[in-house]
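FYI, the numbering for the sequence shown is -17 to -1, 1 to 869, going by mature numbering (1 follows the signal peptide of the UniProt record, and there is no 0). The block underneath contains the structure these notes are about, expressed in structure tokens.
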Amino acid sequence: MQKFLLFLTLLSHWLLSAVVVPDDYFISDDKDIAYIYGEEHASLMPKMKEYQEEIVEGYDKEFGFKLDDKMTVGLASSHNQIANGFSTQIPFNMQLFYGAGATYIDYFSSSSWLKTLIIHETAHNFQLNPKENFLSKTSHKVLGNTPVSFLGPLALFPIPNVLENSFVLEGNAVMNESRFGNGGRLFSGYALAEVVAMAKAGEIRPELMYNETLEFPYGEKFYLIGGFFHQFLVERYGVEKVNGYFKTFATQAFPFFSNAMFIKQYGKNFEVLLAEFVEEIKSKHADFTPTNGQVLARSQIFVPLNKEDDEVYTLMGDNKSAPKVFVLNTKSMTSNFKQGSWRVGELFKLNGVYYSQASAKTSPVKIEMGLFDKEGFRLKGFEGKALQGFTALGKAVYFDVPKSIETPQVYVDGEFYTQSHSSVYVDKEDLYYFKQKGAERTLYKNKTALVSFQGHYGFVTDVDGQGSVYFIASSEHGSTAYKAKNGQIERISLADDVIDLKLINNNEAVVVSIDAHGYAYSKIKLDTSKVGFSRPKNLPKQDGQLNPSLQEADFLSHEKPLDAKAYNSFEELKYSSLSQAMSYGEEEGLGIDLQANFADPLLQNSLAFVVSHNNERDIAGLRYDNVAHRLEYGGAVYGFFKNDEARISDKRESGYEAYLKLPLLASGYWRAETTLAYTKDYDTLYREPLTFSLNVLNTKKFGLSKYVNSLNALELFGSSDRDVSMFGGSYGFKHDLPWQSYLGAKITYLKSNKVNFFEEKGIELRDNFNALQSDKATLNVPSFSATSYAQEVKMAELSLSKVFDASLYFFSFPLSLQREAIYAKQRVYDIDFSNTTQRTYYESTLGTELDLVLFNKLAIPLSFEWVHNKDVVDQNKLRVLFGSSF
């Protein structure tokens, strides 16, 4: 057991992945905030720094404290074209921004992607940072930035607020992002329509909001419903009371009691306040009108509609299998689906072929946005471009992604055209889009302003033959469709749940609406009986502390760059945390494991010092891993000191390991890498393999599918261990079937030129997974009860699984059930233990797997399986496993 615990600690940093692909960075280190960025972003850093410092100053007052540690802010280079950002306290008080958010300009209803990230992620740093109880403060001084540690049976939480729920964390951050004159998701008609639809359907309940659920609207509820809930709290209690909640939550030494903290902060528990929020939404939006039309299709995912001649098309899916292209002929009103493996994103049709717009790895050192075909391969010529459409002359209209880190920069055929605050609709040679100035949103045709309204949400969806411009914008109760003509705005739908539209003719349209169960695609008649433009009441107050000049600040304006130096990941290694574990065994006595963890802010390298003690032995060692370059490398060395020679005479007095890993391929869904590893483990007197391996795999996993939807995996290796030569390989196949069923198959062949049980020579057969993953000459045989060695091994496996979506969620009880699976596996082993001993084994496995949610937040797969093999001593085994077993 101690060996296993030690191995987990040694591996903890090895398994850590860098948060950026390899590239060159600079670091500007100030007293309170350190900035890490690429040379391409040097000119925008001064304004960004000034903007963020003022946000931090305002949050100091509203959250009621100052951050107790320097904050590190990273801005990923354009080799990381991802529309995302994150904030964390582990391993440091830090945040990282990715700049490819231009394609989300309509969804976020904001003017600047970078400002949205700064406001939102900095709120997270303040939410997670406080330690307002003695145990957390004291343990943090010793243990550093670790989420939990155990002193015997006593759990310590040095960062208590990491246990707070995502509904509160993300909801509060969305509320804050909408307060600083930059728009935000609380201005989105889409978001309001979702909240109202969910409230009216009775789906906003404590157990559904707090748990990680697998039903619509999935994780989006944390942001949108959570955001409107926190806006409700702000209107009732004020922003300082709402932001001050996190300081109150951190007063708990054992941070599990949300209701108690809500009562302490607001005088009412969460369940009561959520119910009052729902009633207020239903009352304010009693006149909310759903779409009434001919339903053509439904989907659990949404990307914008597109149109070519009489064909309207988009991607649809169940969020658990590969999305399909939905094609509607608007003349015949017939539709069909096209199968493929498209990445989820807006669909475009070029030369009769459908491509989706997405971000993906296109090489081991580059993540790019572009157009990808149905097998996930990027279309050349569109890398780093967020396509908007083509003019009649075939000129591409697109956002230049690297240059659109703050606001979308529109290019036409390689030439800069304008800046936009919405997606661009291309009709013949004309471009239609919105620009934002303060709270006013203006519709443009090319560079001519057509009409304006108050709001931050609006994007063009179609243009008719008379030049009328159709667009989606807010209604008083959600999102609806409008028409702009001759400087006037006319509402063309009675519904408040319309989030997209394409014309069929001047009187009919295909619309997408949102409800409590997903997205509906319907044919409707246009209705102009509701006159004029309407907008929601009680929009968020713009009360965030921010100099008015900074609200409109252009980060891209040239400024004197910050004082900075080249970023060296090794030099930036800093102490992060002390991991510790205690155990007790009758023979081992009291066991203590300690690991001091060091990392750099970009997680490009890590260092760990480990000591472990029990009555039998003492271990001291260190491990270093580096992924700062394409060639990854690392190693470990440790000494083993025997306290009880009689019991552990089969152990070495030292051990070490080293590896080199080179990714060869990252394109489409394909990945390939080679690894050279040498291991001399202390847990044996003999085995010390030098192994070269090649892994090639194609993996497809869509949405919230429990298992991979498609897998083709090939592994080949050659290994030398003293005077023994070994080689082998395996091929694995998996594919989804209808109704969340999955089929799998695997074949393995392993061969050694020598075998000797006493000297641990040959192919190792274990009853559990080998801790040393670099030792490829090993095979897990669950039905075996002890380790043995063979000269030649052949294995074939067939597996089948079925997933069920029966769920049972609780708010107060700490454990909930997401879904279940049952699975069966049949294996056949043909094993030559020596030149004279050959055996065949038939191993059957039946199992069930439960996806559990602990403390409303932590997903834990728990498996129970029965393993039967009539030709071994222990013919029947019952195993309990944490983690997926299929």
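C-beta: ideal position from N, C-alpha, C; glycine also. These figures come from a predicted structure and were not determined experimentally.
Remark: fewer than three beta-carbon pairs, one from each stretch, lie closer than 8 Å, so the stretch 111 to 122 and the stretch 183 to 198 are not flagged as touching. For M77, the uninterrupted beta strand (DSSP E) run begins and ends at M77 to F80, by DSSP.
Take G527, set aside five residues on each side of it, and the residues of its chain with a beta-carbon closer than 7 Å to its own are G41, R162 and F163, in chain order.
Looking at the DSSP output, F9 sits in a beta bridge with Y20 and A549. Counting along the chain, G527 sits inside no beta strand (DSSP E), nor does DSSP assign it H or E at all. Fewer than three Cβ pairs drawn from the stretch 108 to 116 and the stretch 125 to 136 lie within less than 8 Å of each other, which leaves the two stretches out of contact. Nearest neighbour of Q587 by Cα position, chosen from T657, K224, N609 and G574, turns out to be N609. When Cβ pairs closer than 8 Å are counted between the two stretches, the stretch 156 to 175 is seen to touch the stretch 452 to 465, the count reaching three or more. Secondary structure note for D445: its beta strand (DSSP E) is the uninterrupted segment G441 to V446.
Counting only runs of at least 3 residues, the stretch 369 to 411 fully encloses the following beta strand (DSSP E) elements, listed from N- to C-terminal order: 379 to 383, 392 to 395, 398 to 402 and 408 to 410. When secondary structure is reduced to three states using DSSP, F320 falls in the strand class. As DSSP reads the structure, E423 sits in a beta bridge with K420 and Q437. Using a C-beta cut-off of 8 Å, the stretch 247 to 256 makes no contact with the stretch 438 to 456, since fewer than three inter-stretch Cβ pairs fall below that distance. L687: not part of any alpha helix (DSSP H); DSSP gives it neither H nor E.
Rounded to whole angstroms, G367 and Y690 show a C-alpha spacing of 31 Å. Taken in chain order, the complete alpha helix (DSSP H) segments of 4 residues or longer contained in the stretch 61 to 106 are 88 to 91. Classified as buried, L311 has 16 or more neighbouring CB atoms from the shown chains inside 10 Å of its CB. Secondary structure in the stretch 163 to 230: the alpha helix (DSSP H) runs of 4 residues or longer, each lying completely within the stretch, are 172 to 183, 189 to 193, 203 to 220 and 222 to 226 in chain order. Residues of the same chain with a CB within less than 7 Å of the CB of D89, apart from the 5 flanking positions on each side, are S405, S406 and F442 in chain order. By the criterion of a C-beta distance shorter than 6 Å, A641 is surrounded in its chain by G618 and Y661, once the five residues flanking it on both sides are discounted. Taking a C-beta distance under 8 Å as the contact criterion, S26 and P544 qualify as a contact pair.
Distance check between G185 and each of N165, F260, V125 and L152 places F260 closest, using alpha-carbon atoms only. With at least 16 other beta carbons inside 10 angstroms of its own, P523 counts as buried.
In this structure, DSSP gives S703 an extended state, which the three-state scheme calls strand. In this structure L354 does not touch F382 by the C-beta definition: roughly 13 Å separates them, more than the 8 Å allowed.
Taking the C-beta atoms as reference points, F360 is found no nearer than 8 Å to S693. S782 and I805 have their C-alpha atoms roughly 11 Å apart.
Look at P29 here: in three-state DSSP terms it is helix. A contact is defined here as three or more CB-CB pairs under 8 Å, and the stretch 136 to 150 fails this definition with respect to the stretch 575 to 584.
Rounded to whole angstroms, the separation of the alpha carbons of S566 and Y502 is 52 Å.
In the DSSP annotation of this structure, K363 is not part of any beta strand (DSSP E), being labelled neither H nor E. Under DSSP, no beta-bridge partner is assigned to A478.
Counting the other CB atoms within 10 Å of its CB gives M316 a total below 16, which places it among the exposed residues.
As the crow flies, the alpha-carbon of S766 is around 40 Å from that of E190. Here DSSP, grouped into helix, strand and coil, assigns S771 to strand. The straight-line gap separating the alpha-carbon atoms of V856 and L798 is approximately 37 Å.
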